[in-house]
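K.L.:
Here you go, one structure.
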Amino acid sequence: MTSSSPIEDAIRSKLASALSPRTLEIYNDSHKHAHHSAMRGVADKKETHFRVVISSASFQGKPQIARHRTINALLKDELEREGGVHALQLRTLTLEEEDRLLERAREIEKAEAEGKCAGACAKKEGEAA
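Those letters in the sequence shown? Residues 25 to 153, by the numbering used here.
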């Protein structure tokens with residue numbers, strides 16, 4: 025059986041195998057960019073732009089740039105191939121960072137459900153960052 029998204033499948037396989045992520049979300053945003061001038065002449069525009077959210081214990085103690093370099097190295101073939109991945113947006117988290125984000129989201133959700141912030145909780149979080 026041939027996949028209709030071989031590049032996405034390769035990204036998923038390589039990241040899952042090398043990093044054993046707790047969370048791995050891959051979004052194919054190629055349709056949002058197919059009309060850009062950089063995409064002129066690209067035969068297959070269906071798998072050129074990806075957004076990845078990944079949490080892994082492998083990232084512990086590593087700065088963001090090192091995490092991104094790790095992923096770029098794993099996906100070297102997909103990034104360098106003619107007509108391959110043109111853009112890769114990464115959100116890399118340690119397990120602890122992900123836990124803190126999830127806890128904060130639960131706190132905001134609870135406060136909003138109790139009518140304590142009328143939607144302002146999320147705004148305050150964004151301002152604090």
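Virtual Cβ for every residue (Gly too), placed ideally from N, Cα, C.
How would you label residue 126, buried or exposed, when you count the other beta carbons within 10 angstroms and need 16 or more for buried?
P.N.:
Taking all protein chains in view, the Cβ of residue 126 is surrounded by fewer than 16 other Cβ atoms within 10 Å, so the residue is classified as exposed.
K.L.:
Ignore the nearest five residues each way along the sequence and tell me which others in residue 72's own chain have a CB closer than 6 Å to its CB.
P.N.:
54 and 110
K.L.:
Here's the rule I'm using: 16 or more other beta-carbon atoms within 10 Å means buried, otherwise exposed. How should residue 93 be labelled?
P.N.:
exposed
K.L.:
So for residue 79, helix, strand or coil by DSSP?
P.N.:
strand
K.L.:
Rounded to whole angstroms, what is the Cα-Cα separation between residue 30 and residue 102?
P.N.:
10 Å
K.L.:
According to DSSP, is residue 106 part of a helix, a strand, or is it coil?
P.N.:
coil
K.L.:
List the residues that DSSP assigns as beta-bridge partners of residue 111.
P.N.:
73
K.L.:
Are three or more beta carbon pairs between the stretch 131-139 and the stretch 104-120 nearer than 8 Å?
P.N.:
Short answer: they don't touch.
K.L.:
Do residue 81 and residue 119 have their beta-carbon atoms positioned less than 7 Å apart in this structure?
P.N.:
Residue 119 places its beta carbon less than 7 Å from that of residue 81.
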